[in-house]
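Residue numbers (the working numbering): 341 to 633.
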């Protein structure tokens, strides 16, 4: 027996999780409830983990079931696009490119301009997952900030695209404190796109702040305006979302952020050509040094 789950296994878990019922999932997939129950039991035996807690009220995913469902969604989404992507590839160059949510509104319009003769399929997710998908070949490229903070698959390379530093965006009518503790007794909304969020919040706490982590850069800026407090975030996003009256200043914190292009080895020429032109489109600086990982 193959060690890989079948498409039917993936569809069954996704349907049970969505409906919360083996019977409803079976009806959707045109199989009987006993057949659905037997197939699920066989899958759980192969995995060695229980995927759903089942009783007379329905089926609820366990932590293992939620993880399996997330992977099933990813695979089924890709399978659903196979025919469209094959047809598109026959007509024009198509690239699957991923990045994290905050950068997507800035990156993808820039890539549409720089890759005007190509089609870019846009994917957003966490940086470590995007790197894994490049490694397995389901993404052509990923723009992430964690390539120097994780173990890269042997099949990929990471090229620095741009450097950034943290900045403080201060809305109108908000004032920072003076001296060595500029954030003393202030709420501070924070966002960073690498893996240093916890460290950033600890350092801000040391400067007297009450840090509040935001999910995205835009969320950080909007929350800061509504709450009447400063936001600490990468300078590039501060420039992108600054409005009239906002003040943008260097953050009194150390550290440099680096945006990387991750592709399979060797870096395709079409993306290597984009690297030199992209920082200006994003309001970022070119990296001080280039290196591959």
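Backbone N, C-alpha and C fix where the C-beta goes; we use that ideal spot for every residue, glycine too. In this text, all values refer to a predicted model and were calculated from it rather than measured experimentally.
Practice problem: Identify which residue in 454, 437, 505 and 450 has its Cα closest to the Cα of residue 475. | Solution: In the chain shown, the residue the question calls residue 475 occupies position 135. With distances taken between Cα atoms, residue 475 lies closest to 437.
Quiz item: Looking at residue 353 and residue 405, is the spacing between their C-beta atoms short of 9 Å?
Solution: Counting from one through the chain shown, the residue named residue 405 turns up at place 65. Counting from one through the chain shown, the residue named residue 353 turns up at place 13. Yes, they are a contact pair.
Quiz item: For residue 618, which of 446, 369, 398 and 478 has the nearest alpha-carbon?
Solution: For the purposes of this step, residue 618 is identified with residue 278 of the chain shown, where counting begins at 1. Selected option, being the one with the closest Cα: 446.
Exercise. Consult DSSP for residue 591 and reduce its assignment to one of helix, strand or coil.
Key: What you label residue 591 is simply residue 251 of the chain shown in a count that begins at 1. In this structure, residue 591 counts as coil in the three-state DSSP scheme.
Quiz item: In the structure shown, what three-state DSSP assignment does residue 390 receive?
Solution: As a working mapping, residue 390 is identified with position 50 in the chain shown. Coil at residue 390, not helix or strand.
Quiz item: Out of curiosity, what's the CA-to-CA distance linking residue 631 and residue 496?
Solution: Position 291 of the chain shown, counted from the start, is the residue given in the question as residue 631. Position 156 of the chain shown, counted from the start, is the residue given in the question as residue 496. Confidence is the limiting factor: at residue 631 the pLDDT is only 44, short of 50, which leaves the residue's position unreliable, though a coordinate-based value still follows. If I take the Cα positions, the gap works out to 13 Å.
Practice problem: Take every Cβ of the segment 377-392, pair it with every Cβ of the segment 447-464, and state whether three or more of those distances are shorter than 8 Å. | Solution: no
Exercise. Identify, in the order they occur along the chain, each residue of the same chain with its Cβ nearer than 8 Å to the Cβ of residue 541, setting aside the five sequence neighbours on each side.
Key: For this step, residue 541 is matched to residue 201 along the chain shown. For residue 541, where only same-chain residues beyond five positions count, the Cβ hits under 8 Å are 530, 551 and 553.
Practice problem: Kindly list the residues whose CB is nearer than 6 Å to the CB of residue 536, restricted to its own chain and excluding five residues on each side of it in sequence; keep chain order. | Solution: Sequence index remark: in the chain shown, residue 536 carries index 196 (1-based). Closer than 6 Å at the Cβ level, and outside the excluded window around residue 536, lies no residue.
Quiz item: At which residues does the alpha helix (DSSP H) containing residue 435 begin and terminate?
Solution: Counted from its first residue, the chain shown places residue 435 at position 95. Run containing residue 435: none in the alpha helix (DSSP H); it sits in the beta strand (DSSP E), 434-439.
Quiz item: Applying the criterion that 16 or more other CB atoms from any shown protein chain within 10 Å of the CB defines a buried residue, is residue 426 buried or exposed?
Solution: Position 86 of the chain shown, counted from the start, is the residue given in the question as residue 426. Exposed: under 16 other Cβ atoms inside 10 Å.
Quiz prompt | Where the beta strand (DSSP E) containing residue 610 begins and where it ends | solution = By 1-based counting over the chain shown, the position of residue 610 is 270. Element bounds for residue 610: not the beta strand (DSSP E) but the alpha helix (DSSP H), 609-615.
Practice problem: State yes or no: is the beta carbon of residue 543 nearer than 9 Å to at least one beta carbon in chain D? | Solution: Absence of chain D from the displayed structure is noted, only one protein chain being present.
Practice problem: Return the chain-ordered list of same chain residues with a C-beta closer than 7 Å to the C-beta of residue 563, the five sequence neighbours on each side being excluded. | Solution: By one-based count along the chain shown, residue 563 stands at place 223. Here the set comprises 529 and 554.
Self-check item: Beta-carbon proximity list for residue 341, same chain, < 7 Å, skipping 5 on both sides
Solution: Taking the first residue of the chain shown as position 1, residue 341 is located at position 1. Any reading at residue 341 must be qualified, since the residue scores a pLDDT of 49, below 50, and its modelled position is unreliable; the value itself is stated next. So no residue of the chain qualifies.
Quiz prompt | Cβ neighbours of residue 532 in the same chain (closer than 6 Å, five flanking residues each side left out) | solution = The count along the chain shown starts at 1 and reaches residue 532 at position 192. 540.
Practice problem: Can you tell me which of the three DSSP states residue 489 falls into? | Solution: Here the question's residue 489 lines up with position 149 in the chain shown. Annotated three-state conformation of residue 489 is helix, per DSSP.
Self-check item: residue 478, DSSP secondary structure in three states
Solution: Here residue 478 is taken as the residue at index 138 of the chain shown, counted from 1. Three-state DSSP puts residue 478 in coil, outside helix and strand.
Practice problem: Starting from residue 523, trace the beta strand (DSSP E) both ways and give me its first and last residue. | Solution: By one-based count along the chain shown, residue 523 stands at place 183. Taken as a continuous stretch (DSSP letters only), residue 523 belongs to no beta strand (DSSP E), as it is neither H nor E.
Quiz item: Where residue 482 and residue 588 are concerned, what is the direct C-alpha to C-alpha distance, given to the nearest angstrom?
Solution: The residue labelled residue 482 in the question sits at position 142 within the chain shown. The residue labelled residue 588 in the question sits at position 248 within the chain shown. C-alpha separation (whole angstroms): 29 Å.
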